[in-house]
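A quick write-up on the structure given underneath.
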Amino acid sequence: MSPFSILLIGLAMSTDAFAAAIGKGVAMGRPRLRDALRTGLIFGTIEAITPLLGWLLGKAAAPYVQAWDHWIAFVLLLGLGLHMIINGVRGDEHDEPEAQADSARSFWLLALTGLATSIDAAAIGVGLAFLDVHIGIVAAVIGLCTFGMVTLGVLLGSKLGEIAGKRAEILGGIVLILVGAGILYEHLQHPLA
């Protein structure tokens, strides 16, 4: 997997966290840099750990599905991409930033939100277990991209609003589908690779 593909995965994985961070920024009103960095660190750390866990799960299953690994990676990326696009188009009607304003700074609330937005990163880890890729580098890139995007999302939350966050999630879904198609295309072009 090329460094550019790894960067695209990192950016795509950070878009749902970015959308959530915009909501957190709105709920915080005028967030301070310290609050944004703290939120980014929590989300980035969780987002870096979950692909490692998914990768371990995928490696355990790898001997049983090696002939289909490229299809599994493609289907997982396609499914995650479509899920992100649907969520971005549909929106979250149940979000209530005003009701969350008092507890938005809570570590556990941030950690739970970070975990909820990182489930897709665990699935990416499962898919990457079937490819020749260094999971530590991918996890670090995902974590750093998420840290940066969440920090930015919190700071800009009150200015960008929810619309930009949903558009970012749609874009992230499209990127995941394209990366999955690239993996499948590369394997079908070079089946022994």
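Numbering (full-length UniProt numbering), first residue to last: 1 to 193. All C-beta atoms in this analysis are idealised placements derived from N, C-alpha and C, irrespective of residue type, glycine included. From a predicted model like this one, the values you see are computed outputs, not experimental measurements.
Under 8 Å between C-beta atoms of residue 129 and residue 55: The sequence position of residue 129 within the sequence shown is 129, counting from 1. The sequence position of residue 55 within the sequence shown is 55, counting from 1. Cβ atoms of residue 129 and residue 55: closer than 8 Å.
Check whether residue 48 and residue 131 have beta carbons under 8 Å apart: Sequence index remark: in the sequence shown, residue 48 carries index 48 (1-based). Sequence index remark: in the sequence shown, residue 131 carries index 131 (1-based). No. Outside cutoff.
Sequence-distant residues of its chain with Cβ nearer than 7 Å to residue 146 (five each side left out): Position 146 of the sequence shown, counted from the start, is the residue given in the question as residue 146. Closer than 7 Å at Cβ, skipping near neighbours: 13, 14, 17, 43, 44 and 47.
Classification of residue 183 by the beta-carbon crowding that lies within 10 angstroms, buried from 16 upward: Sequence index remark: in the sequence shown, residue 183 carries index 183 (1-based). Counting Cβ neighbours within 10 Å, residue 183 comes out buried, since at least 16 surround it.
Secondary structure of residue 132, DSSP reduced to three states: As a first step, residue 132 must be located in the sequence shown, where it is residue number 132. Coil, per DSSP.
Spatial neighbours of residue 11 in its chain, beta-carbon cut-off 6 Å, leaving aside the 5 residues before and after: The sequence position of residue 11 within the sequence shown is 11, counting from 1. Result list for residue 11: 145, in chain order.
Residue 98 classed as buried or exposed, judged by whether at least 16 other C-beta atoms fall within 10 angstroms: Taking the first residue of the sequence shown as position 1, residue 98 is located at position 98. Interpretation of residue 98 is limited by its pLDDT of 42, a score under 50 that renders its predicted location unreliable; the figure taken from the coordinates is listed afterwards. Answer is exposed; the Cβ neighbour count stays below 16.
Burial state of residue 89 (16 or more Cβ within 10 Å): Position 89 of the sequence shown, counted from the first residue, corresponds to residue 89. Its Cβ having fewer than 16 others within 10 Å, residue 89 is exposed.
DSSP state of residue 1 mapped onto helix, strand, coil: By 1-based counting over the sequence shown, the position of residue 1 is 1. Note: residue 1 maps to coil in three-state DSSP.
Candidates 53, 137, 41 and 85: closest to residue 173 by CA position: Taking the sequence shown and counting its residues from 1, one reaches residue 173 at position 173. The residue with the shortest Cα to Cα distance from residue 173 is 85.
Option nearest residue 186 by Cα separation, candidates 28, 53, 3 and 70: On the sequence shown, position 186 is the one that residue 186 refers to. Minimum Cα distance to residue 186 is reached at 70.
Residue environment, residue 118, which counts as buried when at least 16 other CB atoms sit within 10 Å: Against the sequence shown, residue 118 aligns to sequence position 118. When all chains shown are included, residue 118 counts as buried.
Outcome for residue 104 when other beta-carbon atoms lying within 10 angstroms are tallied against a minimum of 16: Sequence index remark: in the sequence shown, residue 104 carries index 104 (1-based). Model confidence at residue 104 stands at a pLDDT of 43, short of 50, so the residue's coordinates are unreliable and nothing is read from them.
CB of residue 127 within 8 Å of CB of residue 76, strictly: Stepping through the sequence shown from its first residue, residue 127 is reached at position 127. Stepping through the sequence shown from its first residue, residue 76 is reached at position 76. Yes, they are a contact pair.
Three-state secondary structure assigned by DSSP to residue 14: Residue numbering aside, residue 14 sits at position 14 when the sequence shown is read from its first letter. Residue state, collapsed to three classes: helix.
Candidates 30, 37 and 181, of which the one nearest residue 107 by Cα: Stepping through the sequence shown from its first residue, residue 107 is reached at position 107. Measuring from the Cα of residue 107, the nearest candidate turns out to be 37.
Three-state secondary structure assigned by DSSP to residue 31: Here residue 31 corresponds to residue number 31 of the sequence shown, with the count starting at 1. Reduced to three states, the DSSP call for residue 31 is coil.
Buried versus exposed, by CB contacts within 10 Å (16 or more), residue 137: On the sequence shown, position 137 is the one that residue 137 refers to. Exposed: under 16 other Cβ atoms inside 10 Å.
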